[in-house]
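Asks: Protein chains in written order, with our numbering: chain V, 397 to 687; chain U, -6 to 289; chain C, -7 to 227. Pasting a structure below so you can have a look.
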Amino acid sequence: MTGYYTQLIVNGIVAGSIYALFAVGLAMVYGVFKFINFSHGELITWGGYLALMFSSPPIALPLYLAVIPALLLTVGIGLAQDCFVFRPLRQSNPISILIASIGLSYLLRNGIRLFWGSDLQSFNLPLSTGIIFGDIYITRIQILMVLSALLFFSILYFLLTRTLLGKSLRAVSDNIELSSIMGINMRKVTWTIWILASVFAGSGGILLALDTSLDPMMGMNSLIKAFAAVLLGGAGNIWGALVGGLFIGITENLSVAFISPDYKDFISYGLIFILLLIKPRGFFGIAGGVR
Amino acid sequence: MDYLYHILIIALIYSIFAQSLNLELGFTGLYNFGHIAFFGIGAYASALLSLSGVPIPVAALIAIGLAGIAGAFLALPTLRLSGDYFGIATLVFAEMVHLLFLNERDITRGPMGLPNIPRPDWIGTGVTSLPLLLAVVFFAAAVTFILLRIITNSPFGRSLKVIREDEFVAQALGKNTFLIKTKAIVTGSAFAGLAGVLWAHYITYISPSDFTLQETILVLLCIVLGGKGTHWGPVIGAFSIIFFAEFIRFIPIPSEYTRFVAPLQGMIYGFILVIMMLKRPQGLISESRGQRTTNA
Amino acid sequence: MLLKLDGITAGYGREPVLTDISMHVEQGEIICIIGPNGAGKSTALRTIAGQLIPTRGEVRFKEKNISAMSIAQRGERGLVFIPQGMNIFPNLTIIENLEVAGTLLNDKHKLSHAIKEVLEKYPVLNKKQHSFARELSGGERQLLALSRSILLKPDLVLLDEPSLGLAPIVVDMIFDQIIEIGKSGSSVLLVEQNARKGLSISHRGYVLELGRNRLTGTGQELLESDEVRQLYLGG
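Quick look at the structure:
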């Protein structure tokens, strides 16, 4: 019977790696700009759909090449969001930005529906051949998901702890006023955050699409999980968000053994609700700060 | 002509819904993004009760009461959260309620929804039903408008506005802000429930997909566009949005393009929300105040 | 004249906090601004630093009008601001704090050299260089904040309430360091609530009250003045 649970945990780690990617991006944006970007989910969706577009006729690039323009465009969307919507609203009431990000998310999501329709789509790739380790079944793409997440996080860790840019980024999320006194280049830091968040979200979206399928709501659904993960780890705490993502992935998948799969999402919702009420700073939360 | 009745009825129902949210959001500064849940609770409660034989007026009253109670249930834990966290908590609440509608199939029939919701006998479903329904809904909307106007101009209403501007000042003045805010939410939820009741008995078929984030965005749009904290703002907003939504159907669109209509509409709604926040957060009709700071 | 303020009027909203403030700092001086709460001392420093733009008057640094320059631009010209309160990054290590504090040096080699200098000068920071700044005591934090002056070697360093929240023994240590900074070639302009301590290390001082110049004189003169004694030094 342990094989069953182990399989669920493995599924959980796979799902959790991707949630962690989304959560980390969301946490970074919150850590520096102090707002929850409701339209973060659409970076996920657009990443996936753009990769589909570049790898399908008429462009028909092989997938490993198609991800490059897909991610570049996703980064473009992320930067445009900041440039045209979030930056002008930076000094406003946090509610204005929240509503604006809700509007943006609606705009972008319907953009997907406009160009690609609402039906499920998928990549037609033979990546779903699986490997069997003892009792565990895992597909090639799922292994890729976990490895990609590991790679991204390693790069992020290196960036944040070994480069001046990364340290400046952490400084900005600690104390933005002090950072400008220090002479830190805010524009560079801003761009870096959005590039990182967009790349993580877009890549996660592509991987998710490869593992399951594409639909216009995929970003929104992932956003809820990502947000729960961010809250769990402490709003703004990157590594907490990572752990939070894994935790939610594993919990969701394990829960299938106990409750109806229809209520899987309920876990994330419930977690968010409870965490907001008892501990909006999460379990590793220290006031703000990207760490 | 029938179609005009339909649009007017929908617009009036939405104006009740928008006004109810405006009481919380516009007047008290509570960004309750879960408001659709009470619309849904009102709708489902009245539908289920009347389907099992309860006379419609009784069912309606019970449903409105239930919506109000649910509002209290939401308010109690969430009111201590700060503005944007409150918005998220209420949003999540609505999603959870939606999941319940979807999955408690024994009660709600899940995604298949509840058809054949009865209408009062004297209205029926015949030729004269629409004008009568319009009259009923108009009456309800007028009552809502008047009641809310009375509430917001009363001392209670004034304390709501004080809380919106500066809660600390309100507390310093000796007000129990928690109780006042709870009352605001309960009232708003009850009116939302009323809108839901009207919806259920007009459309006669409801399903969980009527009560999603999309509707939250729509009603938010009504308020943001029309002007929060005003009496006519949400009404103007509701009429504008509903008329715009339905107007599209009159434009002759070749069939190969009809699938673009809904997404385009959605994009326009999203765009309007963004632009309003950027350029005119106070809405089309702004509260006329001397030196009001623009808190969106 | 290193720094000159001429008829500065500045504030945060409708009402100005400072009205017609004038002062100056010569090279090699340590100047102290004292006064009661609400006098506008920190506001004056922030205006010089660049956080506030004066509605009237000029801030002249090294003969140039810097009133419209950003904080970073002033830093590049040799005017460095060390604010009060949270003036280090709690979630960065000491070394990382120094690296970020030295951003304006724009040169990796200069920076690592300067950091070495700081760590040699302050063994306590050297010992804890890989600890997070949030783990430091109040005095150690202030030392870390002050070490930005050693890193950047500015012509003028602005210190806002360096003794804030520190125990008396630690305050003495910090003020010794401020004297050291003065000796090493940077001029100092500090705002101090602890008037006695502040004046005791200063060449000259300015007393502000309700946003205006009230008194000025040498450190010694102000320490001995009956008026100052009564009002600010506790008789």
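For glycine and all other residues, C-beta sits at the position ideal for the given N, C-alpha and C.
Determine, using beta carbons only, whether ALA64 of chain C comes closer than 8 Å to chain V.
Replies: Position 72 of the third sequence, counted from the start, is the residue given in the question as residue 64 of chain C. By this cut-off, ALA64 of chain C is an interface position.
Asks: Can you tell me which residues form a DSSP beta bridge with VAL149 of chain C?
Replies: Position 157 of the third sequence, counted from the first residue, corresponds to residue 149 of chain C. BP columns for VAL149 of chain C point to C:VAL72 and C:VAL180.
Asks: Using the Cβ count rule (16 or more neighbours within 10 Å means buried), how would you classify LEU468 of chain V?
Replies: Numbered from 1 along the first sequence, position 72 holds the residue referred to as residue 468 of chain V. The residue in question, LEU468 of chain V, is exposed, as its Cβ has fewer than 16 Cβ neighbours within 10 Å.
Asks: Just the chain U side, please: which residues come within less than 8 Å of ALA496 of chain V by C-beta, in chain order?
Replies: As a working note, residue 496 of chain V is residue 100 in the first sequence. Those are LEU266, VAL267, MET270 and LEU271, listed as they occur along chain U.
Asks: Using a Cβ-Cβ cut-off of 7 Å (strictly less than) and excluding sequence neighbours within five positions of PRO612 of chain V, which residues of its own chain qualify?
Replies: Taking the first sequence and counting its residues from 1, one reaches residue 612 of chain V at position 216. THR441, ARG505, ILE508, ARG509 and SER514, listed in sequence order.
Asks: Taking all protein chains shown into account, decide if ASP77 of chain U is buried (16 or more other Cβ within 10 angstroms of its Cβ) or exposed.
Replies: In the second sequence, residue 77 of chain U corresponds to position 84, counting from 1. The residue is buried, with at least 16 neighbouring Cβ atoms inside 10 Å.
Asks: DSSP three-state label for GLU109 of chain C, please.
Replies: By 1-based counting over the third sequence, the position of residue 109 of chain C is 117. Correct three-state label for GLU109 of chain C: helix.
Asks: To the nearest angstrom, report how far apart GLU50 of chain C and LEU148 of chain C are at their CA atoms.
Replies: Counting from 1 along the third sequence, the entry for residue 50 of chain C is found at position 58. Counting from 1 along the third sequence, the entry for residue 148 of chain C is found at position 156. Rounded to whole angstroms, GLU50 of chain C to LEU148 of chain C spans 17 Å at the Cα level.
Asks: Is ASN506 of chain V helix, strand or coil when you go by DSSP?
Replies: Position 110 of the first sequence, counted from the start, is the residue given in the question as residue 506 of chain V. Three-state result, ASN506 of chain V: helix.
Asks: Work out the CA separation of TRP635 of chain V and ILE473 of chain V for me, nearest whole Å.
Replies: Here residue 473 of chain V refers to the residue found at position 77 when the first sequence is read from its first residue. Here residue 635 of chain V refers to the residue found at position 239 when the first sequence is read from its first residue. Between ILE473 of chain V and TRP635 of chain V, the C-alpha separation is close to 25 Å.
Asks: Using a Cβ-Cβ distance under 8 Å, would GLY499 of chain V count as near chain U?
Replies: Locating residue 499 of chain V in the first sequence gives position 103, where the first residue counts as 1. By this cut-off, GLY499 of chain V is an interface position.
Asks: Would you report the Cα separation of ALA65 of chain U and ALA462 of chain V, rounded to the nearest angstrom?
Replies: What you label residue 65 of chain U is simply residue 72 of the second sequence in a count that begins at 1. What you label residue 462 of chain V is simply residue 66 of the first sequence in a count that begins at 1. In a straight line, the C-alpha of ALA65 of chain U is about 51 Å away from that of ALA462 of chain V.
Asks: At least one CB of chain V closer than 8 Å to the CB of LEU96 of chain C: is that the case?
Replies: Here the question's residue 96 of chain C lines up with position 104 in the third sequence. With 8 Å as the cut-off, LEU96 of chain C counts as an interface residue toward chain V.
Asks: What residues are listed by DSSP as bridge partners for PHE53 of chain C?
Replies: Sequence index remark: in the third sequence, residue 53 of chain C carries index 61 (1-based). DSSP lists C:LEU(-5) and C:LYS56 as partners of PHE53 of chain C.
Asks: If you draw a straight line from the C-alpha of ARG583 of chain V to the C-alpha of SER575 of chain V, how long is it?
Replies: Taking the first sequence and counting its residues from 1, one reaches residue 583 of chain V at position 187. Taking the first sequence and counting its residues from 1, one reaches residue 575 of chain V at position 179. About 12 Å.
Asks: Does the beta carbon of ALA128 of chain U sit closer than 8 Å to a beta carbon anywhere in chain V?
Replies: As a first step, residue 128 of chain U is located in the second sequence; it is residue number 135 there, counting from the start. No, its Cβ sits nowhere closer than 8 Å to a Cβ of chain V.
Asks: Does DSSP put ILE25 of chain C in a helix, a strand or coil?
Replies: Numbered from its first residue, the third sequence carries residue 25 of chain C at position 33. Looking at ILE25 of chain C - three-state DSSP - the assignment turns out to be strand.
Asks: Have a look at MET78 of chain C and ILE663 of chain V and give me their C-alpha separation to the nearest angstrom.
Replies: Looking up residue 78 of chain C in the third sequence gives position 86. Looking up residue 663 of chain V in the first sequence gives position 267. Looking at the two C-alpha atoms, the distance is approximately 39 Å.
Asks: Following the continuous beta strand (DSSP E) through ARG196 of chain C, name the residue where it begins and the one where it ends.
Replies: For this step, residue 196 of chain C is matched to residue 204 along the third sequence. Taken as a continuous stretch (DSSP letters only), the beta strand (DSSP E) holding ARG196 of chain C covers 196 to 201.
Asks: For the segment 85 to 110 of chain U, list every residue whose C-beta sits within 7 Å of some C-beta in chain V, in sequence order.
Replies: Flagged, chain order: VAL85, PHE86, GLU88, MET89, LEU92 and ASN96.
Asks: Is any beta-carbon of chain U found at less than 8 Å from that of GLY685 of chain V?
Replies: Indexing the first sequence from 1 puts residue 685 of chain V at position 289. Note that GLY685 of chain V scores a pLDDT of 35, beneath 50, so its modelled location is shaky; the value from the coordinates is reported in the next line. Judged by the 8 Å Cβ criterion, GLY685 of chain V is not in contact with chain U.
Asks: At a cut of 8 Å, does the segment 176 to 196 of chain C reach the segment 90 to 98 of chain C through at least three beta carbon pairs?
Replies: Taking 8 Å as the limit for Cβ pairs, the verdict is that the segment 90 to 98 of chain C does not touch the segment 176 to 196 of chain C.
Asks: Could you tell me the distance, in whole angstroms, from the CA atom of THR402 of chain V to the CA atom of LEU54 of chain U?
Replies: Here residue 402 of chain V refers to the residue found at position 6 when the first sequence is read from its first residue. Here residue 54 of chain U refers to the residue found at position 61 when the second sequence is read from its first residue. The straight-line gap from Cα to Cα measures roughly 52 Å.
Asks: Under 9 Å between beta-carbons, which chain V residues line up against GLY67 of chain C? List them in chain order, please.
Replies: Reading the third sequence from its first residue, position 75 is the one you call residue 67 of chain C. Going along chain V in sequence order, the residues near GLY67 of chain C (Cβ under 9 Å) are ILE577, MET578 and GLY579.
Asks: Which chain C residues are close to ASP570 of chain V, counting only those with a beta carbon under 8 Å from its beta carbon?
Replies: The residue labelled residue 570 of chain V in the question sits at position 174 within the first sequence. Under the 8 Å cutoff, chain C gives PHE81, PRO82, ASN83 and LEU84.
Asks: Pick out whichever of C:ASP12, C:GLY20, C:CYS24 and C:LEU202 has its Cα sitting closest to the Cα of LEU214 of chain C.
Replies: Start at 1 with the first residue of the third sequence, and residue 214 of chain C comes out as number 222. For the residues C:ASP12, C:GLY20, C:CYS24 and C:LEU202, the minimum Cα distance to LEU214 of chain C belongs to C:CYS24.
Asks: If you measure beta-carbon to beta-carbon, which residues of the segment 11 to 30 of chain U are closer than 7 Å to chain V?
Replies: Flagged, chain order: TYR24.
Asks: How would you label ASP478 of chain V, buried or exposed, when you count the other beta carbons within 10 angstroms and need 16 or more for buried?
Replies: Taking the first sequence and counting its residues from 1, the one referred to as residue 478 of chain V is at position 82. The residue is buried, with at least 16 neighbouring Cβ atoms inside 10 Å.
Asks: Using DSSP with H/G/I as helix, E/B as strand and the rest coil, what is PHE519 of chain V?
Replies: Counting from one through the first sequence, the residue named residue 519 of chain V turns up at place 123. The answer is coil: DSSP assigns PHE519 of chain V none of H, G, I, E or B.
Asks: Within 8 Å of any Cβ in chain V, is that where the Cβ of TYR262 of chain U sits?
Replies: For the purposes of this step, residue 262 of chain U is taken as the residue at position 269 of the second sequence. Chain V, which has a Cβ nearer than 8 Å to the Cβ of TYR262 of chain U, makes this yes.
Asks: List the residues of chain V whose Cβ lies closer than 9 Å to the Cβ of THR71 of chain U, in chain order.
Replies: One-based indexing of the second sequence puts residue 71 of chain U at position 78. Within chain V, the residues near THR71 of chain U are PHE669, LEU672 and LEU673.
Asks: Can you pull the chain C neighbours of LYS563 of chain V, defined as C-beta to C-beta under 8 Å?
Replies: The residue labelled residue 563 of chain V in the question sits at position 167 within the first sequence. Those within 8 Å of LYS563 of chain V in chain C are LEU84, GLU88, GLU91 and VAL92.
Asks: Do the CB positions of ILE216 of chain U and ALA11 of chain U come within less than 8 Å of each other?
Replies: Position 223 of the second sequence, counted from the first residue, corresponds to residue 216 of chain U. Position 18 of the second sequence, counted from the first residue, corresponds to residue 11 of chain U. Yes; because the gap between Cβ atoms is below 8 Å, this pair is in contact.
Asks: Let me make sure I understand the geometry here. Which of U:ILE139, U:HIS194 and U:MET270 has the alpha-carbon closest to that of HIS224 of chain U?
Replies: As a working note, residue 224 of chain U is residue 231 in the second sequence. Closest option to HIS224 of chain U, Cα to Cα, is U:ILE139.
Asks: Rounded to whole angstroms, what is the Cα-Cα separation between GLY227 of chain C and LYS168 of chain U?
Replies: By 1-based counting over the third sequence, the position of residue 227 of chain C is 235. By 1-based counting over the second sequence, the position of residue 168 of chain U is 175. Confidence at GLY227 of chain C is low in this model, with a pLDDT of 43, below 50, so the placement of that residue should be treated as unreliable; the coordinate-derived value is given next. Taking the straight line joining both Cα atoms gives about 45 Å.
Asks: Can you check which of these residues, U:PRO108, U:LEU126 and U:MET260, is closest to ILE0 of chain U by C-alpha distance?
Replies: The residue labelled residue 0 of chain U in the question sits at position 7 within the second sequence. Here the closest residue by C-alpha is U:LEU126.
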